[in-house]
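Respectively, the protein sequence lines represent chains A and B.
Numbered according to my numbering, the first sequence spans residues 185 to 645.
Numbered according to my numbering, the second sequence spans residues 185 to 645.
Virtual Cβ for every residue (Gly too), placed ideally from N, Cα, C.
Being a predicted model, the structure only gives us computed values, none of them experimental.
Number of protein chains: 2
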Amino acid sequence: MNTKSYVDQHKDRFINELIDLLKIPSISADPAYKDEVIKTSEVIKSSLEKAGCDRVEICETPGYPIVYGEKIVDKNLPTVLVYGHYDVQPPDPINLWDSPPFEPVIKTTDIHPEGAIFARGACDDKGQMYMHVKAMELMTANDELPCNVKFMIEGEEEVGSESLGWFLERNREKLANDVILISDTGMIAKDVPSITTGLRGLSYVEVEVTGPNRDLHSGLYGGAVANPINILCDMIAQLHDENNHITIPGFYDKVEELSTEERAEMAKAPFSQENYNKALDIAQEHGEKGYTTNERNSIRPTLDVNGIWGGYTGEGAKTVIASKAFAKISMRLVPDQNWHEITELFQKHFENIAPDSVKVKVKPHHGGTAYVTPIDSVGYQAASAAYEDTFGKTPIPQRSGGSIPIVALFEKELNSKSILMGFGLDSDAIHSPNEHFGVWNYLKGIETIPHFYKHFTAMSK
Amino acid sequence: MNTKSYVDQHKDRFINELIDLLKIPSISADPAYKDEVIKTSEVIKSSLEKAGCDRVEICETPGYPIVYGEKIVDKNLPTVLVYGHYDVQPPDPINLWDSPPFEPVIKTTDIHPEGAIFARGACDDKGQMYMHVKAMELMTANDELPCNVKFMIEGEEEVGSESLGWFLERNREKLANDVILISDTGMIAKDVPSITTGLRGLSYVEVEVTGPNRDLHSGLYGGAVANPINILCDMIAQLHDENNHITIPGFYDKVEELSTEERAEMAKAPFSQENYNKALDIAQEHGEKGYTTNERNSIRPTLDVNGIWGGYTGEGAKTVIASKAFAKISMRLVPDQNWHEITELFQKHFENIAPDSVKVKVKPHHGGTAYVTPIDSVGYQAASAAYEDTFGKTPIPQRSGGSIPIVALFEKELNSKSILMGFGLDSDAIHSPNEHFGVWNYLKGIETIPHFYKHFTAMSK
Numbered sequence: 185m186n187t188k189s190y191v192d193q194h195k196d197r198f199i200n201e202l203i204d205l206l207k208i209p210s211i212s213a214d215p216a217y218k219d220e221v222i223k224t225s226e227v228i229k230s231s232l233e234k235a236g237c238d239r240v241e242i243c244e245t246p247g248y249p250i251v252y253g254e255k256i257v258d259k260n261l262p263t264v265l266v267y268g269h270y271d272v273q274p275p276d277p278i279n280l281w282d283s284p285p286f287e288p289v290i291k292t293t294d295i296h297p298e299g300a301i302f303a304r305g306a307c308d309d310k311g312q313m314y315m316h317v318k319a320m321e322l323m324t325a326n327d328e329l330p331c332n333v334k335f336m337i338e339g340e341e342e343v344g345s346e347s348l349g350w351f352l353e354r355n356r357e358k359l360a361n362d363v364i365l366i367s368d369t370g371m372i373a374k375d376v377p378s379i380t381t382g383l384r385g386l387s388y389v390e391v392e393v394t395g396p397n398r399d400l401h402s403g404l405y406g407g408a409v410a411n412p413i414n415i416l417c418d419m420i421a422q423l424h425d426e427n428n429h430i431t432i433p434g435f436y437d438k439v440e441e442l443s444t445e446e447r448a449e450m451a452k453a454p455f456s457q458e459n460y461n462k463a464l465d466i467a468q469e470h471g472e473k474g475y476t477t478n479e480r481n482s483i484r485p486t487l488d489v490n491g492i493w494g495g496y497t498g499e500g501a502k503t504v505i506a507s508k509a510f511a512k513i514s515m516r517l518v519p520d521q522n523w524h525e526i527t528e529l530f531q532k533h534f535e536n537i538a539p540d541s542v543k544v545k546v547k548p549h550h551g552g553t554a555y556v557t558p559i560d561s562v563g564y565q566a567a568s569a570a571y572e573d574t575f576g577k578t579p580i581p582q583r584s585g586g587s588i589p590i591v592a593l594f595e596k597e598l599n600s601k602s603i604l605m606g607f608g609l610d611s612d613a614i615h616s617p618n619e620h621f622g623v624w625n626y627l628k629g630i631e632t633i634p635h636f637y638k639h640f641t642a643m644s645k
Numbered sequence: 185m186n187t188k189s190y191v192d193q194h195k196d197r198f199i200n201e202l203i204d205l206l207k208i209p210s211i212s213a214d215p216a217y218k219d220e221v222i223k224t225s226e227v228i229k230s231s232l233e234k235a236g237c238d239r240v241e242i243c244e245t246p247g248y249p250i251v252y253g254e255k256i257v258d259k260n261l262p263t264v265l266v267y268g269h270y271d272v273q274p275p276d277p278i279n280l281w282d283s284p285p286f287e288p289v290i291k292t293t294d295i296h297p298e299g300a301i302f303a304r305g306a307c308d309d310k311g312q313m314y315m316h317v318k319a320m321e322l323m324t325a326n327d328e329l330p331c332n333v334k335f336m337i338e339g340e341e342e343v344g345s346e347s348l349g350w351f352l353e354r355n356r357e358k359l360a361n362d363v364i365l366i367s368d369t370g371m372i373a374k375d376v377p378s379i380t381t382g383l384r385g386l387s388y389v390e391v392e393v394t395g396p397n398r399d400l401h402s403g404l405y406g407g408a409v410a411n412p413i414n415i416l417c418d419m420i421a422q423l424h425d426e427n428n429h430i431t432i433p434g435f436y437d438k439v440e441e442l443s444t445e446e447r448a449e450m451a452k453a454p455f456s457q458e459n460y461n462k463a464l465d466i467a468q469e470h471g472e473k474g475y476t477t478n479e480r481n482s483i484r485p486t487l488d489v490n491g492i493w494g495g496y497t498g499e500g501a502k503t504v505i506a507s508k509a510f511a512k513i514s515m516r517l518v519p520d521q522n523w524h525e526i527t528e529l530f531q532k533h534f535e536n537i538a539p540d541s542v543k544v545k546v547k548p549h550h551g552g553t554a555y556v557t558p559i560d561s562v563g564y565q566a567a568s569a570a571y572e573d574t575f576g577k578t579p580i581p582q583r584s585g586g587s588i589p590i591v592a593l594f595e596k597e598l599n600s601k602s603i604l605m606g607f608g609l610d611s612d613a614i615h616s617p618n619e620h621f622g623v624w625n626y627l628k629g630i631e632t633i634p635h636f637y638k639h640f641t642a643m644s645k
């Protein structure tokens with residue numbers, strides 16, 4: 185199987201097609217972009233048809249549509265279900281982008297001397313999802329598709345995949361598969377391929393603290409009424425103790441504790457705290473006492489404020505005591521923590537610690553369960569062999585701190601394991617200004633994926 | 185002196201003139217409104233000319249212009265300097281206004297059965313400032329101006345009166361006076377006239393906390409780097425102890441402590457904590473331990489967050505760790521606290537409590553010194569007699585929690601005392617959505633002010 189020559193021959197077109205896709209601002213979180221999200225689903229449909237799928241449809245859901253496509257070679261052969269998403273994160277803060285988020289440009293960087301495509305969604309997940317569409321095209325063109333393939337590309341991943349469960353429940357037969365293949369994670373470095381074997385779960389909430397029933401003059405009322413911003417800050421500060429443990433009662437009750445051996449194994453991954461701090465321009469890391477950086481962002485649960493606002497935030501000064509203050513807070517969860525349970529614990533605790541001088545509302549947003557892929561599964565072994573074919577080295581199994589809540593959902597609804605073959609890098613700035621995806625990584629993904637199909641089919645016999 | 189008949193005869197015109205003035209959005213804090221601020225100064229100039237001043241000019245400053253006008257009757261008679269401001273606070277949050285802030289409407293309320301004018305600046309300070317212009321018109325028309333009068337109306341009060349000191353230094357002779365008359369405060373109730381004898385000082389700062397050098401994905405980095413929003417909340421929480429004392433070292437060193445007798449005198453002012461809480465819809469008041477509500481908002485210094493922002497604040501969810509978080513923080517100061525000193529103490533302390541994992545910037549905005557008016561001064565006595573003439577009762581001397589930093593500046597630069605005859609009410613929602621000013625209060629002010637001139641001239645002989 186020589187996938188490299190096809191990629192070399194068609195790489196300019198592959199890049200241009202992705203650039204066109206990135207121009208559509210498919211921001212699922214903001215209703216103002218509804219038409220653009222819909223438009224993107226249509227582009228995906230058409231690209232699957234061109235790549236060789238022979239039953240492609242836009243499936244309506246209570247939210248944004250899911251694009252489904254399939255190519256059934258032989259019912260007796262195994263079936264790979266590819267999952268990806270065509271929606272993207274909001275680009276805020278927009279003023280920190282060096283080029284407009286929806287006008288993709290290719291620029292070289294230290295890590296990407298071959299160039300990287302800068303645009304919102306370049307890596308997460310349009311670029312990584314589109315690798316699979318192009319790998320399908322390659323296998324079709326070379327007549328090398330060794331098994332059945334199904335595509336399921338959704339448009340609500342960045343807002344919690346709310347309609348996906350609904351869709352899975354109603355389409356179990358249609359979606360039946362032997363393994364689910366996803367590229368929505370990263371790898372350790374360009375020369376250190378890795379497969380993500382663990383993902384953290386998520387509980388995302390929005391809180392509102394109300395003090396007086398209207399904004400007040402801070403001179404006339406300051407000091408005499410509870411200022412909801414000060415109170416919110418106080419309450420947020422109380423969510424961690426002096427060792428950066430989370431103080432919510434019961435929060436750690438079900439946390440999977442890794443053995444000393446497992447932690448020692450993890451510690452073997454190449455990592456330099458000095459380079460990490462330098463890359464982020466921080467004088468010192470910060471986190472839960474008793475754990476390393478790589479443990480803190482993978483095997484340990486965390487709590488972070490993702491946004492806060494209240495009072496006057498414009499230019500100049502306004503001496504106001506706001507009536508309300510708000511925060512968006514997310515908790516990353518680890519295996520055995522149930523996100524519904526954690527959301528309830530948070531809610532109860534947050535209401536408990538509120539002083540009588542304010543009113544508090546906690547609005548759960550969305551969540552997901554943590555997940556672990558066994559490295560002795562056929563899927564993992566096939567992926568490992570695929571990397572060996574194209575990178576010339578065995579990939580490292582890696583726990584990631586991120587959440588793809590739908591991976592646990594897939595296991596529950598479709599009873600299949602997911603294999604996370606990510607080609608992005610930590611430095612790709614996903615969810616941040618100046619998100620990008622290396623051209624090398626994009627093409628290497630297209631080159632590697634068909635090898636997974638080959639090995640998975642062979643190993644499944 | 186029958187000022188009431190003139191007011192009754194012209195009240196419709198007085199109201200319409202104020203409404204026209206309120207239509208101009210003279211927001212000094214926002215550079216986008218520069219032309220409107222300038223336009224307002226021209227309207228004030230013209231109104232002073234019509235009211236009978238005979239030397240009116242728009243005086244340029246490094247910032248917004250100051251409108252000056254005078255009528256010198258006789259150099260041997262005393263001179264009253266009227267101070268006011270024609271700029272207004274920003275109207276945010278705009279969505280909480282029941283009617284547009286710059287389209288004044290008259291509506292009745294429980295407290296104002298005669299109607300109140302709803303608009304930004306209705307009370308603070310266009311309405312209260314314009315009472316003086318109309319009182320001047322009345323005295324001119326009735327040939328009852330008993331002394332010299334000078335007007336000084338500025339356009340930067342809501343952003344810290346930055347050019348006023350510059351102007352005072354350069355115009356000491358022109359501004360020479362025997363007393364300064366200001367209406368930029370409130371009174372206890374419509375049937376409880378009061379004169380403000382104390383004002384709090386102010387130190388206003390903006391803080392910025394920087395964590396990583398770019399926004400990060402909270403899944404990949406959450407728990408391993410300092411989240412600047414969490415850290416900012418922590419730092420803000422640390423600024424008060426469990427008794428709501430401010431923890432900045434040295435903060436209370438120069439605070440004037442009132443005697444038991446003075447506090448007992450203050451406690452005589454009519455006040456119901458129950459009604460106060462009910463009006464604000466709060467279950468419980470909140471403030472420094474050991475002090476009453478009326479003490480907390482007048483004789484005690486305070487620290488409040490006036491605005492906070494960071495991370496994703498749009499619709500939906502974004503799992504981001506922000507690079508930066510910001511807050512606007514103001515401290516209300518009491519006599520003997522120096523605002524420059526307090527700003528420095530804050531800055532030092534805030535930098536001190538920052539963990540090594542973040543960088544902190546403190547940007548001082550503006551400030552002002554606290555002030556107390558002696559109740560045995562001629563100015564106070566004349567004002568008291570004026571209220572007796574029109575309200576039929578002696579006004580109560582009152583300490584206010586607000587700051588008019590320029591009052592201390594006047595004493596320093598012009599060597600005169602200021603008399604604070606406020607006609608607004610606490611419920612007027614100044615600096616808040618739905619600011620309003622009672623028609624009754626507006627007209628009562630115009631009726632009362634000429635009596636001050638009469639008594640002040642007589643008592644000065």
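Arg480 of chain A carries a helical assignment under DSSP once its states are collapsed to helix, strand and coil. In the same chain as Ala569 of chain B, and ignoring 5 residues on each side of it, the C-beta atoms closer than 6 Å to its own belong to His639, in chain order.
Residue burial annotation: Arg484 of chain B is buried, with at least 16 other C-beta atoms found within 10 angstroms of its C-beta. With a 10 Å radius around the Cβ and a threshold of 16 neighbouring Cβ atoms, Arg516 of chain A comes out buried.
For Tyr388 of chain A, the uninterrupted beta strand (DSSP E) segment begins and ends at Gly385 to Thr394. Per DSSP, the continuous alpha helix (DSSP H) segment holding Ile420 of chain A begins and ends at Pro412 to Ala421. If only uninterrupted beta strand (DSSP E) runs of at least 3 residues are considered, those enclosed by the segment 211-296 of chain A are 239-243, 250-255, 263-269 and 289-291. Under the Cβ criterion of 8 Å, Trp493 of chain B is counted among the residues facing chain A.
For Glu241 of chain B and Gly253 of chain B, the gap between their C-alpha atoms comes out near 6 Å.
The shortest C-alpha to C-alpha distance from Thr503 of chain B to any of A:His550, A:Lys473 and A:Gln457 is the one to A:His550.
Boundaries of the alpha helix (DSSP H) around Lys532 of chain A: Trp523 to Ile537.
The C-beta distance from Glu426 of chain B to Arg447 of chain B rounds to 23 Å, too long to fall under 8 Å, and the pair is not in contact. In the structure shown, Val591 of chain A adopts helical secondary structure according to DSSP, grouped into three states. Put simply, the CB of Gly395 of chain B is near chain A, with a gap under 8 Å to one of its CB atoms. For the segment 299-351 of chain B, the continuous alpha helix (DSSP H) assignments of 4+ residues that do not extend past its boundaries occur at 310-325, in sequence order. In its chain, beyond the 5 residues on either side, Pro485, Val518, Asp520 and Gln521 have a beta carbon closer than 7 Å to the beta carbon of Val439 of chain A.
In the three-state scheme derived from DSSP, where H, G and I count as helix and E and B as strand, Ile430 of chain A is classed as strand. If you draw a 10 Å sphere on the C-beta of Pro246 of chain B, you find fewer than 16 other C-beta atoms in it, and that means exposed. Counting only runs of 3+ residues, the beta strand (DSSP E) found wholly inside the segment 576-629 of chain B occupies 580-583, 602-604 and 620-622, in chain order. Counting only Cβ-Cβ distances below 8 Å, Arg480 of chain B has contacts in chain A at Gly407 and Ala408, in chain order. Going by DSSP, Ala448 of chain B is part of the alpha helix (DSSP H) stretching over Thr444 to Met450. Chain order gives no chain B residues near Glu346 of chain A, where near means a beta carbon separation below 7 Å; the closest approach is about 11 Å. Residue burial is scored here from C-beta neighbours: Glu353 of chain A has fewer than 16 other C-beta atoms within 10 angstroms and is therefore classed as exposed. Bounds of the beta strand (DSSP E) holding Thr486 of chain B are Thr486 to Gly495.
One Cα belongs to Asp560 of chain A, the other to Tyr270 of chain A, and the distance between them is close to 31 Å.
Close CB contacts of Pro277 of chain A within its chain, under the 8 Å cut and outside five residues either way in sequence, are with Pro617 (chain order).
About 6 Å separates the beta carbons of Val257 of chain B and Cys331 of chain B, which is inside the 8 Å limit, making them a contact pair.
Your pair Asn355 of chain B and Ser600 of chain B does not check out as a contact, with CB atoms roughly 14 Å apart and the cut at 8 Å. A Cβ-Cβ separation of about 31 Å leaves Ser231 of chain B out of contact with Arg384 of chain B under the 8 Å criterion. No Cβ of chain A is located within less than 8 Å of the beta carbon of Asn427 of chain B. Identification of residues in the segment 524-549 of chain A having a C-beta nearer than 9 Å to some C-beta of chain B yields Pro539, Asp540, Ser541, Val542, Lys543 and His549, given in sequence order. Annotated as proximal: Gly494 of chain B and Ile413 of chain B, with beta-carbon spacing under 8 Å. Here Asn397 of chain A has Ser507 as same chain residues with Cβ atoms under 7 Å from its own Cβ, once five neighbours each way along the sequence are excluded. DSSP places Ser189 of chain B in no beta strand (DSSP E) but in the uninterrupted alpha helix (DSSP H) bounded by Thr187 to Leu206. Inter-residue distance for Pro274 of chain B and Thr394 of chain A is about 21 Å (C-alpha atoms, whole angstroms).
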